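K.L.:
Handing you a structure now.
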Amino acid sequence: MKTSDSDKENNNRRALTTTQERKLYYQELLNKVEDISENADLGLETAEEIGEIISETNVLETEYDISKRYQYAEETLLDSMVLSSASGILVKCIESLDVNAESYIPAEFASNIMSYCNPDGEFEADNLLKLLPDVNHLIPQAPEFNFVYGTYDLYNLPQPKQKKERQKQQKDKFERKVPEKVTNLQSEEQGIEEIIKVLYDVLTECYEKNNEESIKYYDYVIDTDSFTNTVDNIFHCAFLIREGRAHLDLDNRGTPYIKPIKKRQLKQFRDEGGVNSQFISAITVSEWETFKKEGYIQKYKNRRQ
(Lines of atoms letter the chains of each structure in order from A; the text may use other names.)
(Lines give C-alpha, C1' and ligand atoms only; values in the text may rest on other atoms or scores of the structure.)
Protein backbone atom coordinates (compact mmCIF):
# COMPACT_ATOMS: atom_id res chain seq x y z
CA MET A 4 0.00 0.00 0.00
CA LYS A 5 1.45 3.36 -1.05
CA THR A 6 1.54 6.22 1.40
CA SER A 7 0.29 9.63 0.37
CA ASP A 8 2.31 12.86 0.57
CA SER A 9 0.33 14.02 3.59
CA ASP A 10 1.19 10.78 5.44
CA LYS A 11 4.88 11.33 4.71
CA GLU A 12 4.68 14.91 6.00
CA ASN A 13 2.99 13.71 9.19
CA ASN A 14 5.72 11.12 9.71
CA ASN A 15 8.38 13.79 9.30
CA ARG A 16 6.62 16.04 11.77
CA ARG A 17 6.38 13.25 14.35
CA ALA A 18 10.10 12.62 13.91
CA LEU A 19 10.90 16.19 15.03
CA THR A 20 9.26 16.02 18.44
CA THR A 21 12.47 16.45 20.49
CA THR A 22 14.58 19.58 20.67
CA GLN A 23 17.71 17.65 19.66
CA GLU A 24 16.09 16.48 16.41
CA ARG A 25 14.87 20.00 15.64
CA LYS A 26 18.34 21.44 16.25
CA LEU A 27 19.83 18.91 13.84
CA TYR A 28 17.18 19.86 11.28
CA TYR A 29 17.95 23.56 11.73
CA GLN A 30 21.65 22.77 11.28
CA GLU A 31 20.87 21.02 7.97
CA LEU A 32 18.96 24.10 6.79
CA LEU A 33 21.87 26.33 7.85
CA ASN A 34 24.29 24.15 5.88
CA LYS A 35 22.03 24.46 2.82
CA VAL A 36 22.08 28.24 3.11
CA GLU A 37 25.89 28.23 3.37
CA ASP A 38 26.18 26.01 0.29
CA ILE A 39 23.91 28.36 -1.67
CA SER A 40 25.98 31.35 -0.54
CA GLU A 41 29.23 29.70 -1.69
CA ASN A 42 27.81 29.04 -5.18
CA ALA A 43 27.61 32.82 -5.78
CA ASP A 44 24.56 32.34 -8.04
CA LEU A 45 22.04 35.12 -7.44
CA GLY A 46 19.41 34.14 -10.00
CA LEU A 47 15.75 33.29 -9.61
CA GLU A 48 16.56 29.64 -8.84
CA THR A 49 18.56 30.76 -5.82
CA ALA A 50 15.66 32.89 -4.59
CA GLU A 51 13.30 29.91 -4.97
CA GLU A 52 15.65 27.66 -2.98
CA ILE A 53 15.88 30.23 -0.21
CA GLY A 54 12.09 30.54 -0.23
CA GLU A 55 11.75 26.79 0.32
CA ILE A 56 14.15 26.94 3.27
CA ILE A 57 12.21 29.81 4.85
CA SER A 58 8.96 27.88 4.32
CA GLU A 59 10.42 24.90 6.17
CA THR A 60 11.37 27.08 9.13
CA ASN A 61 7.87 28.57 9.15
CA VAL A 62 6.40 25.06 9.33
CA LEU A 63 8.46 24.31 12.43
CA GLU A 64 7.45 27.58 14.06
CA THR A 65 3.74 27.00 13.45
CA GLU A 66 3.73 23.35 14.52
CA TYR A 67 5.78 23.77 17.69
CA ASP A 68 4.57 26.67 19.82
CA ILE A 69 7.26 29.09 20.99
CA SER A 70 5.81 28.92 24.53
CA LYS A 71 6.95 25.29 24.67
CA ARG A 72 10.41 26.03 23.31
CA TYR A 73 11.48 29.14 25.24
CA GLN A 74 13.70 27.04 27.51
CA TYR A 75 15.77 25.80 24.53
CA ALA A 76 17.88 28.84 23.69
CA GLU A 77 20.06 26.91 21.23
CA GLU A 78 17.04 26.02 19.10
CA THR A 79 15.87 29.64 18.94
CA LEU A 80 19.41 30.77 18.11
CA LEU A 81 19.69 28.33 15.20
CA ASP A 82 16.29 29.45 13.90
CA SER A 83 17.39 33.10 13.90
CA MET A 84 20.72 32.22 12.23
CA VAL A 85 18.90 30.42 9.39
CA LEU A 86 16.51 33.32 8.81
CA SER A 87 19.30 35.92 9.05
CA SER A 88 21.57 34.12 6.57
CA ALA A 89 18.68 33.39 4.17
CA SER A 90 17.43 37.00 4.22
CA GLY A 91 20.96 38.24 3.50
CA ILE A 92 21.11 36.11 0.34
CA LEU A 93 17.66 37.33 -0.74
CA VAL A 94 18.80 40.94 -0.41
CA LYS A 95 21.75 40.21 -2.70
CA CYS A 96 19.40 38.51 -5.20
CA ILE A 97 17.16 41.58 -5.25
CA GLU A 98 20.11 43.93 -5.73
CA SER A 99 21.42 41.90 -8.67
CA LEU A 100 18.02 41.57 -10.37
CA ASP A 101 17.82 43.28 -13.77
CA VAL A 102 14.40 44.88 -14.14
CA ASN A 103 14.95 45.19 -17.90
CA ALA A 104 15.67 41.49 -18.36
CA GLU A 105 12.22 40.88 -19.87
CA SER A 106 11.45 44.00 -21.89
CA TYR A 107 8.38 44.50 -24.09
CA ILE A 108 9.18 44.50 -27.82
CA PRO A 109 6.23 45.80 -29.95
CA ALA A 110 7.49 44.16 -33.17
CA GLU A 111 7.71 40.78 -31.49
CA PHE A 112 4.21 41.23 -30.04
CA ALA A 113 2.78 42.03 -33.50
CA SER A 114 4.55 39.02 -34.99
CA ASN A 115 2.98 36.75 -32.38
CA ILE A 116 -0.48 38.13 -33.18
CA MET A 117 -0.02 37.43 -36.89
CA SER A 118 1.15 33.89 -36.19
CA TYR A 119 -1.85 33.32 -33.96
CA CYS A 120 -4.37 34.64 -36.50
CA ASN A 121 -3.04 32.59 -39.40
CA PRO A 122 -0.55 29.97 -38.22
CA ASP A 123 -0.67 27.87 -41.41
CA GLY A 124 -0.22 30.48 -44.13
CA GLU A 125 1.30 33.84 -44.85
CA PHE A 126 -0.20 36.86 -43.20
CA GLU A 127 -0.43 40.09 -45.16
CA ALA A 128 0.34 43.25 -43.26
CA ASP A 129 -2.78 44.99 -44.63
CA ASN A 130 -4.99 42.40 -42.94
CA LEU A 131 -3.74 43.63 -39.59
CA LEU A 132 -5.61 46.91 -40.17
CA LYS A 133 -8.90 45.03 -40.20
CA LEU A 134 -8.47 44.38 -36.49
CA LEU A 135 -8.36 48.07 -35.59
CA PRO A 136 -12.16 48.63 -35.26
CA ASP A 137 -12.39 45.76 -32.77
CA VAL A 138 -9.24 46.67 -30.88
CA ASN A 139 -9.80 50.42 -30.52
CA HIS A 140 -12.40 50.08 -27.80
CA LEU A 141 -10.17 47.68 -25.86
CA ILE A 142 -7.46 50.27 -25.34
CA PRO A 143 -8.64 53.01 -22.96
CA GLN A 144 -7.83 56.49 -24.19
CA ALA A 145 -7.97 59.69 -22.20
CA PRO A 146 -10.10 62.42 -23.80
CA GLU A 147 -8.29 65.51 -25.00
CA PHE A 148 -9.11 68.83 -23.35
CA ASN A 149 -7.40 71.48 -25.42
CA PHE A 150 -8.85 74.34 -23.41
CA VAL A 151 -6.72 73.49 -20.39
CA TYR A 152 -3.66 74.63 -22.31
CA GLY A 153 -4.88 78.25 -22.39
CA THR A 154 -4.32 80.73 -25.24
CA TYR A 155 -0.93 81.22 -26.81
CA ASP A 156 0.58 83.06 -29.78
CA LEU A 157 2.02 80.75 -32.43
CA TYR A 158 4.32 83.52 -33.65
CA ASN A 159 5.62 84.47 -30.23
CA LEU A 160 6.64 81.28 -28.56
CA PRO A 161 8.77 81.50 -25.43
CA GLN A 162 12.41 80.68 -25.99
CA PRO A 163 13.89 77.92 -23.90
CA LYS A 164 16.17 79.19 -21.19
CA GLN A 165 19.79 78.25 -21.31
CA LYS A 166 20.97 76.34 -18.34
CA LYS A 167 23.85 77.86 -16.48
CA GLU A 168 26.67 75.49 -15.88
CA ARG A 169 27.58 75.32 -12.27
CA GLN A 170 31.21 75.44 -11.43
CA LYS A 171 32.31 72.42 -9.56
CA GLN A 172 33.76 73.30 -6.23
CA GLN A 173 36.87 71.48 -5.23
CA LYS A 174 36.24 69.43 -2.18
CA ASP A 175 38.78 69.50 0.58
CA LYS A 176 40.87 66.40 0.72
CA PHE A 177 40.52 64.55 3.96
CA GLU A 178 43.09 62.14 5.23
CA ARG A 179 41.88 58.63 5.85
CA LYS A 180 41.84 57.63 9.46
CA VAL A 181 43.66 54.54 10.56
CA PRO A 182 41.11 51.99 11.86
CA GLU A 183 41.16 51.66 15.59
CA LYS A 184 42.36 48.42 17.09
CA VAL A 185 39.78 46.32 18.89
CA THR A 186 40.76 46.05 22.54
CA ASN A 187 37.46 45.88 24.43
CA LEU A 188 35.06 42.96 24.06
CA GLN A 189 32.19 44.96 25.57
CA SER A 190 32.24 47.65 22.91
CA GLU A 191 28.89 47.82 21.13
CA GLU A 192 30.52 48.95 17.91
CA GLN A 193 32.46 45.72 17.42
CA GLY A 194 31.18 43.27 14.87
CA ILE A 195 31.13 39.54 15.33
CA GLU A 196 34.18 39.10 13.13
CA GLU A 197 36.22 41.46 15.28
CA ILE A 198 35.12 39.71 18.47
CA ILE A 199 35.98 36.31 17.00
CA LYS A 200 39.46 37.59 16.14
CA VAL A 201 40.00 38.68 19.75
CA LEU A 202 38.74 35.32 21.06
CA TYR A 203 41.13 33.54 18.71
CA ASP A 204 44.07 35.63 19.94
CA VAL A 205 43.19 34.86 23.58
CA LEU A 206 42.84 31.15 22.81
CA THR A 207 46.18 31.07 20.99
CA GLU A 208 47.95 32.84 23.86
CA CYS A 209 46.55 30.42 26.47
CA TYR A 210 47.34 27.45 24.24
CA GLU A 211 50.99 28.47 23.89
CA LYS A 212 51.34 29.09 27.64
CA ASN A 213 49.95 25.59 28.24
CA ASN A 214 52.82 24.01 26.24
CA GLU A 215 50.56 23.79 23.18
CA GLU A 216 48.13 21.50 24.99
CA SER A 217 44.35 21.86 24.74
CA ILE A 218 42.73 23.91 27.51
CA LYS A 219 39.42 23.23 29.23
CA TYR A 220 36.51 24.75 27.34
CA TYR A 221 34.73 26.18 30.38
CA ASP A 222 37.98 27.60 31.80
CA TYR A 223 38.08 29.55 28.54
CA VAL A 224 34.49 30.91 28.32
CA ILE A 225 33.42 31.25 31.97
CA ASP A 226 32.98 34.74 33.41
CA THR A 227 32.51 34.48 37.17
CA ASP A 228 31.35 38.10 37.42
CA SER A 229 28.51 37.88 34.89
CA PHE A 230 26.30 35.05 33.66
CA THR A 231 25.33 37.18 30.64
CA ASN A 232 28.96 37.59 29.60
CA THR A 233 29.41 33.83 29.91
CA VAL A 234 26.51 33.21 27.52
CA ASP A 235 27.94 35.80 25.10
CA ASN A 236 31.34 34.09 25.19
CA ILE A 237 29.73 30.71 24.44
CA PHE A 238 27.76 32.25 21.56
CA HIS A 239 30.81 33.88 19.93
CA CYS A 240 32.93 30.77 20.51
CA ALA A 241 30.39 28.83 18.43
CA PHE A 242 31.27 31.00 15.42
CA LEU A 243 34.97 30.42 16.11
CA ILE A 244 34.44 26.65 15.89
CA ARG A 245 32.15 26.88 12.86
CA GLU A 246 34.78 28.80 10.89
CA GLY A 247 37.31 26.07 11.66
CA ARG A 248 39.61 28.34 13.67
CA ALA A 249 39.20 26.23 16.81
CA HIS A 250 38.79 22.50 17.52
CA LEU A 251 36.70 21.04 20.36
CA ASP A 252 37.16 17.53 21.73
CA LEU A 253 36.08 15.46 24.76
CA ASP A 254 38.32 13.43 27.05
CA ASN A 255 37.44 10.05 28.57
CA ARG A 256 35.38 11.75 31.29
CA GLY A 257 33.40 13.82 28.80
CA THR A 258 35.12 17.09 29.70
CA PRO A 259 35.33 19.43 26.68
CA TYR A 260 38.74 20.78 25.64
CA ILE A 261 39.48 23.42 23.02
CA LYS A 262 42.53 24.44 21.02
CA PRO A 263 43.24 26.86 18.15
CA ILE A 264 43.68 25.70 14.55
CA LYS A 265 46.22 27.36 12.28
CA LYS A 266 45.39 28.32 8.70
CA ARG A 267 47.71 25.66 7.32
CA GLN A 268 45.98 22.93 9.33
CA LEU A 269 42.54 24.23 8.34
CA LYS A 270 43.47 24.26 4.64
CA GLN A 271 44.77 20.67 4.85
CA PHE A 272 41.60 19.60 6.67
CA ARG A 273 39.32 21.07 4.00
CA ASP A 274 41.47 19.77 1.12
CA GLU A 275 40.92 16.27 2.51
CA GLY A 276 37.14 16.77 2.37
CA GLY A 277 36.61 17.87 5.97
CA VAL A 278 33.56 19.98 6.82
CA ASN A 279 33.25 22.26 9.85
CA SER A 280 30.22 21.89 12.09
CA GLN A 281 28.45 24.23 14.48
CA PHE A 282 28.79 23.67 18.24
CA ILE A 283 26.55 25.44 20.73
CA SER A 284 26.69 24.47 24.39
CA ALA A 285 24.19 25.31 27.11
CA ILE A 286 24.73 26.34 30.71
CA THR A 287 22.29 27.07 33.51
CA VAL A 288 22.66 29.62 36.29
CA SER A 289 23.13 26.88 38.89
CA GLU A 290 25.90 25.31 36.81
CA TRP A 291 27.53 28.71 36.28
CA GLU A 292 27.60 29.37 40.04
CA THR A 293 29.77 26.28 40.62
CA PHE A 294 32.69 27.90 38.78
CA LYS A 295 34.87 29.98 41.09
CA LYS A 296 37.95 30.45 38.89
CA GLU A 297 38.12 33.38 36.49
CA GLY A 298 38.00 32.39 32.81
CA TYR A 299 40.70 33.29 30.31
CA ILE A 300 38.46 35.66 28.37
CA GLN A 301 37.40 37.30 31.63
CA LYS A 302 41.06 37.83 32.62
CA TYR A 303 41.74 39.37 29.23
CA LYS A 304 38.90 41.86 29.64
CA ASN A 305 40.00 42.76 33.17
CA ARG A 306 43.50 43.55 31.90
CA ARG A 307 42.06 45.93 29.29
CA GLN A 308 39.87 47.85 31.71
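In this note's numbering, the protein residues as written are 4 to 308.
C-beta atoms are modelled at their ideal positions from N, C-alpha and C, and glycine is treated no differently.
Just so it is clear, the structure is predicted and the values come from calculations on it, not from any experiment.
Gly-298 by DSSP, collapsed to three states: which one?
P.N.:
Coil at Gly-298, not helix or strand.
K.L.:
Taking only three categories from DSSP, how would you classify Glu-292?
P.N.:
Glu-292 falls in the helix class under three-state DSSP.
K.L.:
To the nearest angstrom, how far is it from the Cα of Tyr-260 to the Cα of Ser-217?
P.N.:
Spanning the two alpha carbons is a distance of roughly 6 Å.
K.L.:
Quick one, are the C-beta atoms of Tyr-221 and Leu-206 less than 8 Å apart?
P.N.:
Cβ distance not < 8 Å, so Tyr-221 and Leu-206 don't count as in contact.
K.L.:
Who pairs with Pro-259 in a beta bridge, going by DSSP?
P.N.:
According to DSSP, which records beta bridges pairwise, Pro-259 is partnered with Leu-253.
K.L.:
Going by beta carbon distance, what residues of the same chain come within less than 6 Å of Leu-250, once the five residues before and after it are set aside?
P.N.:
The sequence given here places His at residue 250; Leu does not occur at that position. So the list reads Lys-262, Ile-264, once near-sequence residues are dropped.
K.L.:
Tell me the DSSP secondary structure of Thr-21 in three-state form.
P.N.:
In this structure, Thr-21 counts as coil in the three-state DSSP scheme.
K.L.:
Evaluate Gln-301 with the Cβ neighbour count: other Cβ atoms within 10 Å of its Cβ, from every protein chain shown; 16 or more gives buried, anything less gives exposed.
P.N.:
The residue in question, Gln-301, is buried, as its Cβ has 16 or more Cβ neighbours within 10 Å.
K.L.:
Drop a sphere of 10 angstroms on the beta-carbon of Asp-82, count the other beta-carbons inside from all chains shown, and report buried for 16 or more, exposed for fewer.
P.N.:
The residue is buried, with at least 16 neighbouring Cβ atoms inside 10 Å.
K.L.:
Could you check whether Leu-45 and Ser-90 sit closer than 8 Å to each other, using their CB atoms as the reference points?
P.N.:
No, Cβ-Cβ distance for Ser-90 and Leu-45 is not below 8 Å.
K.L.:
Any contact between the segment 241-258 and the segment 270-284? By contact I mean 3 or more CB pairs, one from each, below 8 Å.
P.N.:
Flag = yes, the segment 241-258 and the segment 270-284 touch.
K.L.:
Helix, strand or coil: which one does DSSP assign to Ile-283?
P.N.:
DSSP places Ile-283 in coil when its eight states are reduced to three.
K.L.:
Using the three-state DSSP reduction, which class does Ile-108 fall into: helix, strand or coil?
P.N.:
DSSP places Ile-108 in coil when its eight states are reduced to three.
K.L.:
Looking at chain D, is there any beta carbon in it that lies within less than 8 Å of the beta carbon of Lys-219?
P.N.:
Absent from the structure is chain D; it holds one protein chain and no more.
K.L.:
Count the other C-beta atoms from every protein chain shown that fall within 10 angstroms of the C-beta of Lys-304, then say buried if there are 16 or more, exposed otherwise.
P.N.:
Result: buried.
K.L.:
Go ahead and pull the three-state DSSP assignment for Ile-264.
P.N.:
Ile-264: coil per DSSP, three-state reduction.
K.L.:
I believe Glu-78 touches Thr-22 by the beta-carbon criterion, under 8 Å. Please report the beta-carbon distance rounded to the nearest angstrom.
P.N.:
So it is a contact: roughly 5 Å between Cβ atoms.
K.L.:
Out of curiosity, what's the CA-to-CA distance linking Glu-133 and Ser-114?
P.N.:
Contrary to the premise, residue 133 reads as Lys rather than Glu in this sequence. Whole-angstrom Cα-Cα distance: 16 Å.
K.L.:
Just the Cα atoms here: how many angstroms apart are Gly-257 and Gly-247?
P.N.:
If you take the alpha carbons of Gly-257 and Gly-247, they lie about 21 Å apart.
K.L.:
Is the CB-CB distance between Thr-233 and Lys-295 below 8 Å?
P.N.:
In this structure, Lys-295 does not lie closer than 8 Å to Thr-233 by Cβ.
K.L.:
Taking the alpha carbon of Glu-55 as the reference point, which residue from Gln-74, Glu-37, Leu-32 has its own alpha carbon closest?
P.N.:
Of the candidates Gln-74, Glu-37, Leu-32, the one whose C-alpha sits nearest the C-alpha of Glu-55 is Leu-32.
K.L.:
Could you tell me how far apart the beta carbons of Arg-245 and Asn-279 are, in whole angstroms, since I believe they sit closer than 8 Å?
P.N.:
So it is a contact: roughly 6 Å between Cβ atoms.
K.L.:
Pull up the distance between the alpha-carbon of Leu-47 and that of Ser-88, whole angstroms please.
P.N.:
Roughly 17 Å between the two C-alpha positions.
K.L.:
Given Ile-237, which residues of its chain have a CB within under 6 Å of its CB, disregarding the five upstream and five downstream residues?
P.N.:
For Ile-237, where only same-chain residues beyond five positions count, the Cβ hits under 6 Å are Val-224, Ser-284.
K.L.:
Between which two residues does the alpha helix (DSSP H) harbouring Ile-57 extend?
P.N.:
Its alpha helix (DSSP H) spans residues 47-66.
K.L.:
Decide if Thr-293 is buried, meaning its Cβ has at least 16 other Cβ atoms within 10 Å, or exposed.
P.N.:
Exposed, since its Cβ has fewer than 16 Cβ neighbours within 10 Å.
K.L.:
May I have the straight-line CA-CA distance separating Asn-121 from Leu-131, to the nearest angstrom?
P.N.:
Looking at the two C-alpha atoms, the distance is approximately 11 Å.
K.L.:
Apart from the five residues just before and just after Cys-96, which ones in its own chain have a Cβ nearer than 7 Å to its Cβ?
P.N.:
So the list reads Leu-45, Thr-49, Ala-50, once near-sequence residues are dropped.
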